[in-house]
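Here's the structure we're looking at; comments come further down.
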Amino acid sequence: MKIPFKKTFALMTLALSPAIYSIAADGVKVEHLGTNNTLVRVDSDARYLLMPVQEAYDDATVNVVVDGKLERTIYVRLAKSKVDYQVPFDLSPYKGHDVMLNIVTSQNRSTVREAKEDACWKNFETSDTFDTTNREKYRPAFHHTPLYGWMNDPNGMVYKDGTWHLYYQQNPYGSKWQNMTWGHSSSTDLVNWTHHPAAIEPNGLGSVFSGSAAIDSSNSAGFGNDAIVAMYTSAGVSQIQSLAWSTDGGMTFNIYPGNPVLTLESEARDPNFFWNPETKTWTLVLAHALDHEMLFFTSPDMKEWTLQSAFGNGEGAQDGVWECPDLFKLPVDGSGKEKWVLLCNINPGGPFGGSAIQYFTGDFDGKTFKADTDASGKIPTKWLDYGKDNYALVSWSDAPDGRRTAIGWMSNWQYAAEVPTSQFRSANTLPRELSLFTAPDGQIYAASTPSPELEVLRGKLTVNESGRSVTAKGRTYQLPQANDGICEISLNVDPQKSSKVTFSLANTAGEHVTMDYDVKAGTLSFDRRESGLTDFSQDFPAVTVTPTFTDGGDLELRLFVDRSSIEAFANGGKGVMTNLVFPTLPYSTLTVSAEGGKAKIKNIRIHSLNV
Ligand code: FRU
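Number 241 in my numbering belongs to position 225 of the sequence shown; there are no gaps in the numbering.
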């Protein structure tokens with residue numbers, strides 16, 4: 017039942033110490049009750065209640081009370097002195113009902129008893145619209161980003177009936193991490209993304225952390241034939257594993273009432289499961305985060321799980337927590353030979369600080385993972401991406417044509433919350449195809465290449481040149497000007513007698529990214545120390561280096577330049593670096609130069625990109 021404000025007023029005048037009222041927008045009534053406690057009543061048919069956010073402040077606890085019952089609790093960095101932006105609370109599910117926010121602000125917001133000064137109360141507004149038009153200079157033009165708000169790990173990606181579903185860790189109430197929800201976007205071409213309402217929202221067991229999804233084609237869980245089943249971590253006081261399912265093609269999910277389906281005494285999260293046709297069981301990898309290992313379980317129905325084994329204790333990089341696993345089989349060198357790949361995202365402890373994707377190749381018999389060893393019998397540490405900004409990468413389930421298509425969160429926990437954007441925070445990497453190759457050291461490594469669908473982005477071929485010698489003086493190419501200079505650069509360089517070939521992207525403000533191919537070492541470096549804005553975090557300025565597996569020969573390089581990122585794929589994706597950059601002006605030139613002798617640009621192509 018909806019009680020109009022007037023009646024509420026009448027009731028309030030009977031109280032001995034009346035509440036203090038703040039000035040509020042139409043349809044909003046603000047009453048301060050006492051220490052750090054305020055009621056915001058909504059009396060409006062509008063679609064949204066817009067709440068003011070100031071990122072520098074701490075979270076206020078916002079209890080949403082509908083018809084007197086607690087509906088949910090969300091945490092919002094309510095603005096105190098300046099509104100950075102507003103976030104929408106969707107009122108449409110409560111039309112015709114009484115909606116009130118019972119807000120608790122922290123003690124440190126005020127020294128006085130009442131909460132009058134604790135937030136910009138007059139900036140709580142009702143509205144039928146929430147403007148998501150892009151306001152950000154650094155919003156990527158051809159990478160997936162959330163419409164607004166914070167995003168971290170990609171989750172539960174599954175391909176069904178021609179659609180690539182991409183769920184992701186989202187905060188719908190601010191551009192910093194909080195209120196973990198599975199946001200949802202989908203695409204039929206891996207290039208254009210449609211945004212959908214949140215797929216799985218926090219519930220009585222906690223917020224909704226990372227996880228995976230798969231199609232249950234045999235209805236083994238009893239949720240329906242071909243249901244999409246999602247498994248995620250319910251993060252409340254403990255981290256426990258829960259199921260949800262969708263029978264409408266991934267648009268909406270039902271929460272399994274028997275949750276949790278898996279509990280442990282220690283911290284474990286980010287369930288990644290798949291149907292293993294060889295053992296005819298569901299197989300689950302769970303990150304035993306603080307124990308730096310992955311746990312393997314099997315189940316006939318996704319509801320009852322049996323622990324089979326653990327892998328990782330003492331192996332590989334052990335510095336950070338182990339998170340976001342993935343396990344799949346791939347052909348080696350495109351041949352009939354196959355190997356399993358176990359992805360173990362770790363944070364911190366990456367090769368250049370912070371978050372990174374470690375992986376192991378090996379064998380998996382359905383129960384136990386046995387990692388490949390090197391000549392000395394040790395399990396080598398391998399990294400999928402030698403940039404700083406590719407984390408929590410996992411792959412799509414049920415992708416067509418045997419593809420292993422994956423996507424990562426294009427940021428790093430070291431500074432993800434500080435990057436210079438505010439309407440949204442973080443993008444995903446370009447989708448990539450994973451494959452395995454044998455390197456000269458006899459080890460099997462993973463390569464990643466941009467998904468072939470991305471070629472449709474190619475617009476005008478602005479540079480197309482072959483057979484050019486370059487010296488220390490360098491040769492400069494103009495980058496396209498359309499869409500802030502976003503482009504794809506493909507080149508092939510024969511280092512000839514040179515010892516170093518340098519690729520420098522620069523703008524007219526003197527900001528630049530310098531990439532050096534060290535011919536003898538066979539490495540490619542990426543220096544973003546003077547790439548533009550870098551001082552928002554001491555961990556941002558960095559030089560990253562990847563092996564290229566070129567053996568000192570030709571370097572084939574593909575660069576994807578977006579408004580705030582560069583992805584470098586060397587030698588068919590054998591050496592990859594994904595790095596964020598925040599140039600104050602778009603990079604407008606590429607200069608290629610050589611040291612210690614001439615090098616030859618065998619060919620170079622630069623495409624503007626259509627978005
Ligand atoms: C990795 C991670 C996951 C967790 C999620 C929470 O970035 O820490 O382990 O499920 O983020 O948002």
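Don't be surprised by glycine CBs; every beta carbon is placed ideally from N, CA and C.
Roughly how many angstroms lie between the CA atoms of V627 and L300, to the nearest whole one?
Those two C-alpha atoms are separated by around 38 Å.
Using the beta-carbon count (16 or more within 10 Å), is L97 buried or exposed?
One point to set straight first is that residue 97 is Ser, not Leu, in the sequence displayed. Result: exposed.
Tell whether a beta-carbon distance below 8 Å holds between D534 and Y431.
no
S226 Cβ short of 7 Å to the ligand FRU heavy atom set:
A distance criterion of 7 Å places the beta-carbon of S226 in contact range of the ligand FRU, judged by its closest non-hydrogen atom.
From the DSSP output, in three-state form, read off P273 for me.
coil
Taking the beta strand (DSSP E) that N595 falls in, what are its first and last residues?
Start and end: 591-596.
According to DSSP, is R563 helix, strand or coil?
Residue 563 is actually Pro in this sequence, not Arg. P563 falls in the strand class under three-state DSSP.
In the structure shown, what three-state DSSP assignment does L495 receive?
coil
Does the distance between the C-beta of N168 and the nearest non-hydrogen atom of the ligand FRU fall short of 7 Å?
True, at least one ligand heavy atom lies under 7 Å from that Cβ.
Please confirm whether I119 and V82 have their CB atoms less than 8 Å apart.
no
Please state whether the Cβ-Cβ distance between V92 and Y189 is less than 8 Å.
yes
Does the segment 571-591 come within contact of the segment 538-553, defined as at least 3 CB pairs closer than 8 Å?
As far as the Cβ criterion goes, the segment 571-591 touches the segment 538-553, which means the pair count is three or higher.
For A35, name the three-state secondary structure that DSSP assigns.
coil
Check the C-beta distance from I620 over to Y493 and give it rounded, since I have them as a contact under 8 Å.
7 Å
Mapping DSSP to helix, strand and coil, what is W321?
coil
Anyone know if the C-beta pair for L278 and W338 falls short of 8 Å?
no
Counted within 10 angstroms of its Cβ, other Cβ atoms place R255 as buried (16 or more) or exposed:
Residue identity differs from the one stated: residue 255 is Gln in this sequence, not Arg. That one is buried.
Cβ-heavy atom distance between Y407 and the ligand FRU below 7 Å?
yes
Locate the beta strand (DSSP E) running through Y533, then write down its first and last residues.
Counting along the chain, the beta strand (DSSP E) containing Y533 begins and ends at 528-534.
Could you tell me the boundaries of the beta strand (DSSP E) in which S624 lies?
615-625
Should S427 go down as buried or exposed, given a rule of 16 or more other Cβ atoms within 10 Å for buried?
buried
For K132 and M116, the rounded distance between their alpha carbons:
17 Å
Short Cβ contact (8 Å threshold) for Q123 with A95
Taking 8 Å as the cut-off, the beta carbon of Q123 is found no closer than this to the beta carbon of A95.
With 16 as the cutoff for other CB atoms within 10 Å, does G172 come out buried or exposed?
buried
Is C340 near the ligand FRU - that is, is its Cβ less than 7 Å away from at least one heavy atom of it?
yes
Beta carbon of T560: closer than 7 Å to some heavy atom of the ligand FRU?
no
Can you list, in chain order, the residues of its chain with a C-beta nearer than 7 Å to that of K22? Leave out the 5 residues immediately preceding and following it.
In this prediction, K22 scores a pLDDT of 47, lower than 50, which makes its location untrustworthy; no coordinate-derived value is stated.
Report the three-state DSSP secondary structure of Y183 (helix, strand or coil).
Three-state result, Y183: strand.
Assign Q186 to buried or exposed, taking buried as 16 or more other Cβ atoms, counted over all protein chains shown, within 10 Å of its Cβ.
buried
Under DSSP, the beta strand (DSSP E) around F376 begins and ends at which residues?
Per DSSP, F376 belongs to the beta strand (DSSP E) from 372-380.
For S250, which residues of its own chain have a beta-carbon under 8 Å away from its beta-carbon, when the five flanking residues on both sides are left out?
N219, L221, G222, S223, V224, F225, I256, Q257, S258, N275, P276
Rounded to the nearest angstrom, what separates V435 and G370 at their Cα positions?
15 Å
Taking a contact to mean a Cβ-Cβ separation below 8 Å, would you say A408 touches P170 in this structure?
Yes; because the gap between Cβ atoms is below 8 Å, this pair is in contact.
Are the CB atoms of N595 and K404 nearer to each other than 8 Å?
yes
Figure out for me which residue from I460, R545, N499, F519 has the closest Cα to the Cα of K616.
F519
Buried or exposed (CB count within 10 angstroms, at least 16 for buried), R545
exposed
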